[in-house]
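**Student:** Residue numbers (our numbering): 157 to 350.
Just so you know, even glycine gets a beta-carbon here, dropped at the ideal spot from N, CA and C.
Got a structure for you, questions after.
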């Protein structure tokens, strides 16, 4: 059975190269499949992100050893935010993560129930409640982080430190741009400001 181009991971190794086109495509479709270099890079980028999302879901890339798959993405991100930013209320946590308060409330409930997060009084306003990482949560988060660091090391074992740094810098920039993207701007194609 021939492989559909969306099922492959063939992409150019360098931005100058064109994406691979399966041999069973005719000459006409091959010519049509060769967009300008900038468009080819964007096409390869969106394809690789789709492949990554599928692989991450299939394998649930969560680490190595006992900690593998032991903490879902939402819990990890919430615990990580509390660790980095310190105790905070639901609204502040939601705003910092770019999600709504009801989602945070729902995601935090099992973390409180399991003892990874505790609710405490705000240090300056005793009427307000803040969420704080518990000692158990700190230990659990470090266990998962360590496992995930080991996984990243394994996946990128043939990469130089410079390549790892560049990838991390670009991925951070990409994630920040996604967070800052105005949803209303998605209704029109780029450059259609009229």
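Alpha carbon to alpha carbon, what distance is there between residue 297 and residue 236?
**Tutor:** Translated into the one-based positions of the chain shown, residue 236 becomes position 80. Translated into the one-based positions of the chain shown, residue 297 becomes position 141. Going from the Cα of residue 236 to the Cα of residue 297 covers about 7 Å.
**Student:** I need the straight-line Cα distance from residue 293 to residue 264, nearest angstrom please.
**Tutor:** Taking the chain shown and counting its residues from 1, one reaches residue 293 at position 137. Taking the chain shown and counting its residues from 1, one reaches residue 264 at position 108. So the alpha carbons of these two residues sit roughly 12 Å apart.
**Student:** Pull up the DSSP beta-bridge partners for residue 247, would you.
**Tutor:** The sequence position of residue 247 within the chain shown is 91, counting from 1. None; residue 247 has no bridge partner.
**Student:** Under 8 Å Cβ to Cβ from residue 259, same chain only, skipping five residues before and after it: list those, please.
**Tutor:** Within the chain shown, the letter at position 103 stands for residue 259. Excluding positions up to five away in sequence, the list reads 250.
**Student:** Just to check my reading of the structure: residue 243 and residue 287 have Cβ atoms closer than 8 Å, yes? What is that Cβ distance to the nearest angstrom?
**Tutor:** Start at 1 with the first residue of the chain shown, and residue 243 comes out as number 87. Start at 1 with the first residue of the chain shown, and residue 287 comes out as number 131. Beta-carbon to beta-carbon, residue 243 and residue 287 are separated by about 7 Å, close enough to satisfy the 8 Å threshold.
**Student:** Does the Cβ of residue 333 have 16 or more other Cβ atoms within 10 Å, making it buried, or fewer, making it exposed?
**Tutor:** Reading the chain shown from its first residue, position 177 is the one you call residue 333. Label assigned to residue 333: exposed.
**Student:** Is it true that the CB of residue 261 sits closer than 8 Å to the CB of residue 246?
**Tutor:** Indexing the chain shown from 1 puts residue 246 at position 90. Indexing the chain shown from 1 puts residue 261 at position 105. The answer is yes: Cβ separation under 8 Å.
**Student:** Can you tell which of 311, 337, 336 and 329 has the C-alpha that lies nearest to the C-alpha of residue 212?
**Tutor:** Here residue 212 refers to the residue found at position 56 when the chain shown is read from its first residue. Scanning 311, 337, 336 and 329 for the CA closest to the CA of residue 212 turns up 311.
**Student:** Can you look up residue 335 in the DSSP assignment and give me helix, strand or coil?
**Tutor:** Sequence index remark: in the chain shown, residue 335 carries index 179 (1-based). Looking at residue 335 - three-state DSSP - the assignment turns out to be helix.
**Student:** Give the range of the beta strand (DSSP E) segment to which residue 275 is assigned.
**Tutor:** One-based indexing of the chain shown puts residue 275 at position 119. From DSSP, the beta strand (DSSP E) with residue 275 extends over 273-277.
**Student:** Chain C beta carbons: is any one of them nearer than 8 Å to that of residue 289?
**Tutor:** The displayed structure is made up of one protein chain only, and chain C is not part of it.
**Student:** At the level of alpha carbons, what is the spacing between residue 179 and residue 207?
**Tutor:** Taking the chain shown and counting its residues from 1, the one referred to as residue 179 is at position 23. Taking the chain shown and counting its residues from 1, the one referred to as residue 207 is at position 51. Low confidence applies to residue 179: its pLDDT is 38, below 50, so where it sits in the model is not reliable, and the reading given next is rough at best. When rounded, the distance between both Cα atoms is 21 Å.
**Student:** Going by DSSP, what residues sit across from residue 204 in a beta bridge?
**Tutor:** Within the chain shown, numbered from 1, the residue matching residue 204 stands at position 48. Paired residues: none, contrary to the question.
**Student:** Beta-carbon separation of residue 289 and residue 238 under 8 Å?
**Tutor:** Locating residue 289 in the chain shown gives position 133, where the first residue counts as 1. Locating residue 238 in the chain shown gives position 82, where the first residue counts as 1. Yes; because the gap between Cβ atoms is below 8 Å, this pair is in contact.
**Student:** Note down the Cα distance separating residue 229 from residue 300, rounded to an integer number of angstroms.
**Tutor:** Reading the chain shown from its first residue, position 73 is the one you call residue 229. Reading the chain shown from its first residue, position 144 is the one you call residue 300. Their Cα atoms are separated by approximately 11 Å.
**Student:** For residue 267, does the count of other Cβ atoms within 10 angstroms reach 16, so buried, or fall short, so exposed?
**Tutor:** The residue labelled residue 267 in the question sits at position 111 within the chain shown. Under this definition residue 267 is a buried residue.
**Student:** What first and last residue would you give for the alpha helix (DSSP H) that runs through residue 261?
**Tutor:** Along the chain shown, read from residue 1 onward, the residue named residue 261 stands at position 105. 257-269 is the span of the alpha helix (DSSP H), which, as asked, contains residue 261.
**Student:** Straight-line CA distance for residue 322 to residue 283?
**Tutor:** Taking the chain shown and counting its residues from 1, one reaches residue 322 at position 166. Taking the chain shown and counting its residues from 1, one reaches residue 283 at position 127. For the pair residue 322 and residue 283, the Cα-to-Cα distance works out to about 45 Å.
**Student:** For residue 289, which residues does DSSP report across the bridge?
**Tutor:** Walking along the chain shown from the start, residue 289 turns up at place 133. DSSP output for residue 289 lists 273 as bridge partner(s).
**Student:** I need the boundaries of the alpha helix (DSSP H) containing residue 237, first residue and last residue.
**Tutor:** Taking the first residue of the chain shown as position 1, residue 237 is located at position 81. Judged by DSSP secondary structure, residue 237 falls within the alpha helix (DSSP H) whose first and last residues are 229-241.
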